[in-house]
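K.L.:
There are 2 protein chains.
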Amino acid sequence: MNGRVDRLRERLEEPLLVSDAANVFYLSGLESSNAALLVEPERVRLFTDFRYAEGARSIEGVEFVEAKRDLYQTLSELLDGTIGFEATSLTFERHARLHAGGLDLVPRYGRVEELRAVKDEDELDSIRRAAAIATIAFERFADKGDIVGHTERELAWRFEQFLHEANADGVSFPAHVASGPNAAKPHSNPGERRVEKGETVIVDAGCVVDGYCSDCTRTFSTGPLPDELQRAYDVCLDAQLVGLTAVKPGASGPGVDSAARDRIEAAGFGEAFGHGLGHGVGLLVHEDPRLAQESRSTLEVGNVVTVEPGIYLSGLGGIRIEDLVVVTDDGAEVLTSYPKDLRTLD
Amino acid sequence: MNGRVDRLRERLEEPLLVSDAANVFYLSGLESSNAALLVEPERVRLFTDFRYAEGARSIEGVEFVEAKRDLYQTLSELLDGTIGFEATSLTFERHARLHAGGLDLVPRYGRVEELRAVKDEDELDSIRRAAAIATIAFERFADKGDIVGHTERELAWRFEQFLHEANADGVSFPAHVASGPNAAKPHSNPGERRVEKGETVIVDAGCVVDGYCSDCTRTFSTGPLPDELQRAYDVCLDAQLVGLTAVKPGASGPGVDSAARDRIEAAGFGEAFGHGLGHGVGLLVHEDPRLAQESRSTLEVGNVVTVEPGIYLSGLGGIRIEDLVVVTDDGAEVLTSYPKDLRTLD
């Protein structure tokens, strides 16, 4: 079939039932909400329902099996023996049904995700293009200015339009725009609040090209900031730059996180940076490896990760600065090149 | 707290750990990719991480517990005794971790989903508005015309812009536009194919208002169709109208499906209609109840479902006609009012 399946086979102790949608896409190219692959030493079967049959039938190197809409009914009828399954995505109920069907099930963890974490040249090309589009959108957003008085929701849509006009296939997630006190909530949705003068506006967005995501955040100001917030920006940017220099092959997820976190803690903002420094990006906008204290990842050449420290000051505002980078032999190649000095829009 | 939690409590034999994101939102109003609720007789605890803390803290009637980013680590440390869990969404791995933490776990099925299937007036109001916006977007799409020579991808984006301009909060899924032979694939993604004359173009789209989705499909022609395809349209529309009349309180999912399916089978297109007739719509664009042969649903007043027969003729083209309806005392109230006679755009 293809090199990805061959590499997966080398890691398997028994046939693996691949049920996670991104993993199925990675191995077969089929995009479906209702599909599974059984990867065995000599064959690969692709199970999906009528809706995806035309697409599935045309995939080379896999045997297409038309399943019922109730995919797990078909799987429990057709499969037997000992098979591995993806323990972090298969639900309890589906596991129970396969078990009741007589299968001997072995939980396996991250077998396909580990492959996905190391991108090949084609994947990097798609991610580079997705990141370049994000950069263009930030340029157009800043060039246009005119954000004071507009709602977060209007600005989020404006940003998505710029992504589309720059030829994105779609967005990797709905664009986030958070202003003023809302910027102190790392994951608030853009709402009806109108941007005011003298505050920060966080814009976090990305797009999809050929199935692959980009992810980038910049924080703008709308005029002179309160001293505390200006200082937070400077500390956050310093931490982001330090984080970037810590990205290299062999670096640990906690190690890279600490490099940036130490700077923020030393400046007295440790409590205000409650999330991890970054995450892998690929077919999903959040995947392995993780840059965080609880991460067990070690970086490898070909990983694609975000580096995104944030400082969130309740009631006052927030800052987040995020780049998308590829791990190279020498360190990190930054894919999101929009400038990071504090820009004022009005 | 609120009536939804009270109604849920009446259905519980033991405390329930609500982990499905849509269910957490339904009960608490918190939108988070990393949250869980423990609903007990006298209290409700909401567990989520730092990123959602500001939002979680402001929710009345729940006790907010700040969890680690690794939510299930926190849950396995803090919870004990016998609790129910959502067997169709909790993964094998999370179940195993809670079990290893000493919890006595009882699989429960659809407890919150059953409540969600029956919409209250506020929910219906949001869905009505989302459906009205979809109707406006179809009107604008048809009024503009000018689709021949444009790619599916361009047209999908055009449609999404119309949704946005009509005040959608977002899309309920990326708009589907499938033309010519691509329309024979029920779930193909809009691509670079340019619409040609004399074929069908399926447009399937919906939007979100206050968290609630709409979903509507129309099939356009781009000039005189091959006889087989024209006949398929007529049969599909007839089946859709018959399906609508079958929607009423007490009707079964398989019964409504059969009403429409029988017409398509009688016309000789049975093999070409491989999916179910419809599905519930609410916070998710696919939820209970289901209108399909394998469904165990019985319709109730307040259900919101799609009625969407399709006929897919490999190599030739496809038809799908979909309305969103509310089940009322008398039958079905159609929310998507864009006309269904075959319209020609060029």
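Chains as they are written, first to last, in this note's numbering: chain G, 18 to 363; chain Y, 18 to 363.
Just so it is clear, CB atoms sit at the ideal spot from N, CA and C, and this is done for glycine as well.
A quick note: this is a predicted structure, and the numbers were derived from the prediction, not measured.
Taking just the CA atoms, how far does R28/Y sit from S127/Y?
P.N.:
Indexing the second sequence from 1 puts residue 127/Y at position 110. Indexing the second sequence from 1 puts residue 28/Y at position 11. The amino acid occupying residue 127/Y in the given sequence is Gly; Ser does not appear at that position. Whole-angstrom Cα-Cα distance: 11 Å.
K.L.:
Just tell me which of A284/Y, E311/Y, E304/Y and A283/Y has its CA closest to the CA of K292/Y.
P.N.:
Numbered from its first residue, the second sequence carries residue 292/Y at position 275. The amino acid occupying residue 292/Y in the given sequence is His; Lys does not appear at that position. The residue with the shortest Cα to Cα distance from H292/Y is E311/Y.
K.L.:
Would you mind stating whether I76/Y and S106/Y have Cβ atoms separated by less than 8 Å?
P.N.:
The residue you call residue 76/Y lines up with position 59 of the second sequence. The residue you call residue 106/Y lines up with position 89 of the second sequence. No, these two residues do not count as a Cβ contact at 8 Å.
K.L.:
Closer than 8 Å, Cβ to Cβ, to anything on chain Y: give me those residues from the segment 73-87 of chain G, in chain order.
P.N.:
K85, R86 and D87
K.L.:
Could you say if the segment 76-89 of chain G and the segment 208-228 of chain Y meet the contact criterion of at least three C-beta pairs nearer than 8 Å?
P.N.:
Output reads no: the segment 208-228 of chain Y does not touch the segment 76-89 of chain G.
K.L.:
Taking 8 Å as the threshold (C-beta atoms), are E169/G and V194/G in contact?
P.N.:
Looking up residue 194/G in the first sequence gives position 177. Looking up residue 169/G in the first sequence gives position 152. Cβ atoms of V194/G and E169/G: closer than 8 Å.
K.L.:
Below 9 Å on C-beta distance, what does G384/Y contact in chain G?
P.N.:
Residue 384/Y falls outside the range modelled here, since chain Y spans only 18 to 363, and no answer is possible.
K.L.:
Can you check which of these residues, S196/Y, A104/Y, I153/Y and V165/Y, is closest to G334/Y by C-alpha distance?
P.N.:
The count along the second sequence starts at 1 and reaches residue 334/Y at position 317. With distances taken between Cα atoms, G334/Y lies closest to S196/Y.
K.L.:
Alpha carbon to alpha carbon, what distance is there between L362/G and R360/Y?
P.N.:
Counting from 1 along the second sequence, the entry for residue 360/Y is found at position 343. Counting from 1 along the first sequence, the entry for residue 362/G is found at position 345. Spanning the two alpha carbons is a distance of roughly 46 Å.
K.L.:
Is N206/Y close to chain G, meaning its C-beta is less than 8 Å from at least one C-beta of that chain?
P.N.:
To locate residue 206/Y, count along the second sequence from 1; it is residue 189. It does: the Cβ of N206/Y has a partner Cβ on chain G nearer than 8 Å.
K.L.:
Jot down the residue ranges of each uninterrupted alpha helix (DSSP H) in the segment 208-232 of chain Y, minimum 4 residues, whole runs only, in chain order.
P.N.:
none
K.L.:
Applying the criterion that 16 or more other CB atoms from any shown protein chain within 10 Å of the CB defines a buried residue, is E103/Y buried or exposed?
P.N.:
Position 86 of the second sequence, counted from the first residue, corresponds to residue 103/Y. By the neighbour-count rule (16 or more Cβ atoms within 10 Å), E103/Y is buried.
K.L.:
Identify the residues that DSSP records as bridge partners of L308/Y: which are they?
P.N.:
Start at 1 with the first residue of the second sequence, and residue 308/Y comes out as number 291. L308/Y pairs with G295/Y.
K.L.:
Under 8 Å between the Cβ atoms of L352/G and R133/G?
P.N.:
Translated into the one-based positions of the first sequence, residue 352/G becomes position 335. Translated into the one-based positions of the first sequence, residue 133/G becomes position 116. For L352/G and R133/G, no; Cβs fall outside 8 Å.
K.L.:
If contact means a Cβ-Cβ distance below 9 Å, which residues of the segment 150-166 of chain Y contact chain G?
P.N.:
none
K.L.:
So is G166/Y buried or exposed if we call it buried at 16+ other beta carbons inside 10 Å?
P.N.:
Along the second sequence, read from residue 1 onward, the residue named residue 166/Y stands at position 149. It counts as exposed.
K.L.:
For S1/Y, return the contacting residues in chain G, with the cut-off set at a CB-CB distance below 7 Å.
P.N.:
Not covered by the structure: residue 1/Y. The range shown for chain Y is 18 to 363.
K.L.:
Using 8 Å as the threshold, is the C-beta distance between I338/G and A289/G below it?
P.N.:
Residue 338/G sits at position 321 when you count from the first residue of the first sequence. Residue 289/G sits at position 272 when you count from the first residue of the first sequence. Judged by their CB atoms, I338/G and A289/G are not nearer to each other than the 8 Å cut-off.
K.L.:
Spell out the partners DSSP gives P124/G in its beta bridges.
P.N.:
As a position in the first sequence, residue 124/G is number 107, starting the count at 1. Checking the DSSP bridge columns, you'll see P124/G partnered with F102/G.
K.L.:
Note down, in chain order, each residue of its chain lying with its Cβ closer than 7 Å to the Cβ of G119/Y, except the 5 sequence neighbours on either side.
P.N.:
Indexing the second sequence from 1 puts residue 119/Y at position 102. For G119/Y, where only same-chain residues beyond five positions count, the Cβ hits under 7 Å are D97.
K.L.:
Would you call the segment 230-241 of chain G and the segment 149-159 of chain G touching, i.e. three or more CB-CB distances under 8 Å?
P.N.:
yes
K.L.:
Closer than 7 Å by beta-carbon distance: list the chain Y residues that pair up with Y69/G, in chain order.
P.N.:
The count along the first sequence starts at 1 and reaches residue 69/G at position 52. The contacting residues are H204.
K.L.:
According to a CB-to-CB cut-off of less than 7 Å, which residues of the segment 323-352 of chain G neighbour chain Y?
P.N.:
Along the segment 323-352 of chain G, the positions whose C-beta sits under 7 Å from a C-beta of chain Y are S331, read in chain order.
K.L.:
Would you report the Cα separation of P356/Y and D163/G, rounded to the nearest angstrom?
P.N.:
The sequence position of residue 356/Y within the second sequence is 339, counting from 1. The sequence position of residue 163/G within the first sequence is 146, counting from 1. Taking the straight line from one Cα to the other gives about 40 Å.
K.L.:
What does a CB cutoff of less than 6 Å around R280/G pick up in its chain, not counting 5 residues either side in sequence?
P.N.:
For this step, residue 280/G is matched to residue 263 along the first sequence. The answer, listed in chain order, is D255, A256 and V259.
K.L.:
Measure the beta-carbon distance from I100/Y to L54/Y and round it to whole angstroms, keeping in mind my assumption that it falls under 8 Å.
P.N.:
Indexing the second sequence from 1 puts residue 100/Y at position 83. Indexing the second sequence from 1 puts residue 54/Y at position 37. So it is not a contact: roughly 11 Å between Cβ atoms.
K.L.:
When we look at the beta-carbon of A52/G and count the other beta-carbons within 10 Å, is it buried (16 or more) or exposed?
P.N.:
Against the first sequence, residue 52/G aligns to sequence position 35. By the neighbour-count rule (16 or more Cβ atoms within 10 Å), A52/G is buried.
K.L.:
Measuring only between beta-carbons, confirm whether H116/G sits less than 8 Å from chain Y.
P.N.:
Counted from its first residue, the first sequence places residue 116/G at position 99. Chain Y, which has no Cβ nearer than 8 Å to the Cβ of H116/G, makes this no.
K.L.:
By alpha-carbon positions, which one of T323/Y, R26/Y and A70/Y ends up nearest to K265/Y?
P.N.:
Here residue 265/Y corresponds to residue number 248 of the second sequence, with the count starting at 1. Selected option, being the one with the closest Cα: T323/Y.
K.L.:
Assign D305/Y to buried or exposed, taking buried as 16 or more other Cβ atoms, counted over all protein chains shown, within 10 Å of its Cβ.
P.N.:
For the purposes of this step, residue 305/Y is identified with residue 288 of the second sequence, where counting begins at 1. Burial call: buried.
K.L.:
Apply the 10 Å Cβ neighbour rule to L236/Y and answer buried if 16 or more other Cβ atoms are within range, or exposed otherwise.
P.N.:
If you number the second sequence from 1, residue 236/Y lands on position 219. In the sequence as presented, Leu is not what sits at residue 236/Y; that position holds Thr. Result: buried.
K.L.:
Distance cutoff 8 Å, beta carbons only. Does A201/G sit that close to anything in chain Y?
P.N.:
Against the first sequence, residue 201/G aligns to sequence position 184. It does; some Cβ of chain Y falls within 8 Å.
K.L.:
So for E83/Y, helix, strand or coil by DSSP?
P.N.:
Position 66 of the second sequence holds residue 83/Y. Strand.
K.L.:
Who are the neighbours of G287/Y on chain G, taking C-beta pairs under 8 Å?
P.N.:
Taking the second sequence and counting its residues from 1, the one referred to as residue 287/Y is at position 270. Neighbours of G287/Y on chain G: none; closest Cβ ~12 Å, over 8 Å.
K.L.:
Here's the rule: buried if 16 or more other CB atoms are within 10 angstroms of the residue's CB, otherwise exposed. What is N184/Y?
P.N.:
Reading the second sequence from its first residue, position 167 is the one you call residue 184/Y. The residue is exposed, with fewer than 16 neighbouring Cβ atoms inside 10 Å.
K.L.:
Look up E350/Y in the DSSP assignment and say whether it is helix, strand or coil.
P.N.:
Walking along the second sequence from the start, residue 350/Y turns up at place 333. It is a strand residue.
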